[in-house]
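Asker: One structure, pasted below without further comment.
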Amino acid sequence: MSNFLVLGGVGIAIFVVALVISIACHEWGHFFFARRFGMKATEFFIGFGPRIWSFKRGETEYGFKVIPAGAYVRILGMTPLEELDPVDQPRAFWRAKPMQRFLVLVAGSLTHFVIGIVLLMVLMMGVGVPIKGQTLEMARVSTCVPTSTAGGCEEGAAKSPAALGGIKPGDRVTAFEGRQVTSWKQLTDQLKARGGDRVTVTVERGGKTIDIPVTLATITDSETGRRVGFLGVTAGERVEGYQTWSPGEAVVMTGQVFVREIGLIFQTLVKIPGAIPQLFSPERGETQGGQVGSVVGAGRMAGSLFGSDEPTRAKASAMIDMLQGINVFIGVFNLLPLLPMDGGHIAVLFWERIKAFIARKRGRPDPGPVDMTKLLPATYVVFILLVGLGVLLIAADIVNPLASPF
């Protein structure tokens, strides 16, 4: 137990440090382009709150603050409302060319994408991706019946046959309808062919053999479009080896995985509002959108990983995969066109340029920057909603955590 706690603590520490470094790199992206375009950046700090240590080089103060909850860079003149010393006015952010402002704003997310891509390359060319085989021991029991094999639980969905029958994670399937089962594929093939039927699944639990009668549900196979039987269990996995790719193959694979991840992230973000009622229900892990967690949940996963009996290589592979996924998610989330996120500022910049284009076509003067005071109410609303969502996710990760795969 003590070993689990020590290793789990190490995993959490590694995760926190890696996350802070990622966010610092995000801010460095803003800082790099701002300096390159002649804007004035007066502060670059890791952490928030009172200063622990700092030094000044040129016109910028660098350092660390007490609360390691991220990082920030202060660029002067983010809006025309900011009061500046007359000597700094020409170097204000809002006075820069539109493309320069765009690059400064998008640089944070681009940095996250670069980190994600680099980690994917390290995973595919170095550490390796686990080749997993399926066992007959059930890793998870679904609480509901989804609409399809690729779908999640919807509100009001019926309980899964496995949950109704009392099948539990850790049960090992030994027979189906009295016939011995030797592989997970054999079991799933038989389940798919018996949709709606009353069948008997034999499992081994705690050294005892138990016959469990269940009535299989029927759902749509997302690959074939056919109706198939559904029990509601997920196979356990074992690592049978690791696959690596050559540099050329890794580039192609990384591109494919990266594009697929971005698509899945957008799908998940759209589903989050509808998944809020499920955050504190048993169906959370099977609800798309409900699978999003907070930094508390991610840290818990990291601790569970390092405290497990998994081989060192498996731990390294899983940690790298988790960190790359988090970086890509942050990069996408930050580009949503909502103030106060970078994507919101980019949307304002685009609207500013659209107005300038229309005015030019009509022979009128450039209307200038958008009046940010008019957008403050919307900014406050979005900020409050994001804080509220964050609190809900943290609470859900504490009282109803997602099941750890480790």
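Quick note: the sequence shown, position 7, residue 6 per numbering that gives the first Met the number 0, numbers continuous.
Think of the CB as a built atom: it goes at the ideal place given N, C-alpha and C, for glycine as much as any other residue.
Please read these numbers as outputs of a predicted model, since none were measured by experiment.
1. Let me know the secondary structure DSSP gives glycine 389 once reduced to three states.
2. Determine the direct distance from the alpha carbon of glycine 127 to that of alanine 95, and round the result to whole angstroms.
3. Looking at glycine 284: is its Cβ nearer than 8 Å to the Cβ of glycine 228?
4. Give the DSSP-derived three-state secondary structure of serine 53 in the structure shown.
5. Tell me which same chain residues have a C-beta within less than 6 Å of the C-beta of methionine 137, skipping the five on either side of it?
6. Within 10 angstroms of its Cβ, does valine 86 collect 16 or more other Cβ (buried), or is it exposed?
7. From arginine 139 to proline 49, what does the alpha carbon distance come to, in whole angstroms?
8. By alpha-carbon positions, which one of Leu374, Trp350, Asp396 ends up nearest to phenylalanine 101?
9. Taking only three categories from DSSP, how would you classify isoleucine 353?
10. Quick one: what's phenylalanine 175 bridged to in DSSP?
11. Please classify alanine 377 as buried or exposed, where buried requires at least 16 neighbouring CB atoms within 10 angstroms.
12. For histidine 29, which option in Ser159, Arg237, Val72, Val16 has the closest C-alpha, if you only look at C-alpha atoms?
13. Could you check whether threonine 146 and methionine 371 sit closer than 8 Å to each other, using their CB atoms as the reference points?
14. Taking Cβ to Cβ, would you say threonine 201 is nearer than 8 Å to threonine 208?
15. Who are the Cβ neighbours of threonine 253 in its own chain at under 8 Å, not counting the five residues just before and after it?
16. Please state if the CB of phenylalanine 112 and the CB of valine 327 are separated by a distance shorter than 8 Å.
17. Inspect the CB distances between the region 335-349 and the region 381-394 and report whether three or more fall short of 8 Å.
18. Hey, could you find the ends of the beta strand (DSSP E) lysine 270 is sitting in?
19. Glycine 292 lies in the alpha helix (DSSP H); which residues open and close that run?
20. Tell me the DSSP bridge mates of glutamine 242?
21. Restricting to Cα atoms, I'd like to know which of Gln99, Val250, Glu248 is closest to isoleucine 345.
22. How about glycine 7 and phenylalanine 332: do their beta carbons lie closer than 8 Å?
23. Should glycine 292 and leucine 401 be called a contact, given that it needs their Cβ atoms to be closer than 8 Å?
24. Would you mind working out which of Val238, Ala157, Trp27, Lys191 sits nearest serine 221, comparing C-alpha positions?
25. In this structure, how does DSSP classify methionine 321 when only helix, strand and coil are distinguished?
26. Alpha carbon to alpha carbon, how far is glycine 125 from glutamine 255?
27. On the criterion of 16 or more Cβ atoms from any shown chain inside 10 Å, does serine 182 qualify as buried, or is it exposed?
28. Is DSSP giving threonine 187 helix, strand or coil here?
29. Can you give me the start and stop residues for the alpha helix (DSSP H) that phenylalanine 112 sits inside?
30. Taking contact to mean 3 or more Cβ pairs, one atom from each stretch, closer than 8 Å, check whether the region 293-302 and the region 356-365 are in contact.
31. Alpha carbon to alpha carbon, how far is valine 238 from lysine 314? Give it in angstroms, no decimals.
32. Which of the three DSSP states, helix, strand or coil, is assigned to aspartate 396?
33. On the criterion of 16 or more Cβ atoms from any shown chain inside 10 Å, does threonine 142 qualify as buried, or is it exposed?
34. Would you call the CB atoms of threonine 223 and proline 212 closer than 8 Å?
35. Quick check: the Cα distance between methionine 0 and phenylalanine 257, rounded to an integer number of angstroms?
36. Rounding to the nearest angstrom, what Cα-Cα distance links threonine 13 and isoleucine 319 in this structure?
Answerer: Taking the geometry as given:
1. helix
2. 44 Å
3. no
4. strand
5. Pro168, Asp170, Val232
6. exposed
7. 46 Å
8. Trp350
9. helix
10. Arg178, Val200
11. exposed
12. Val72
13. no
14. yes
15. Ile116, Leu119, Met120, Met123
16. yes
17. yes
18. Run containing lysine 270: none in the beta strand (DSSP E); it sits in the alpha helix (DSSP H), 246-274.
19. Counting along the chain, glycine 292 falls outside any alpha helix (DSSP H), and DSSP gives it neither H nor E.
20. Val128
21. Gln99
22. no
23. yes
24. Lys191
25. helix
26. 18 Å
27. exposed
28. helix
29. 97-121
30. no
31. 12 Å
32. helix
33. buried
34. no
35. At methionine 0 the pLDDT is 49, less than 50, meaning the model places this residue with poor confidence; the figure from the coordinates comes in the next sentence. Answer to the nearest angstrom: the Cα atoms are 38 Å apart.
36. For the record, residue 13 in the displayed sequence is isoleucine; it is not threonine. In a straight line, the C-alpha of isoleucine 13 is about 11 Å away from that of isoleucine 319.
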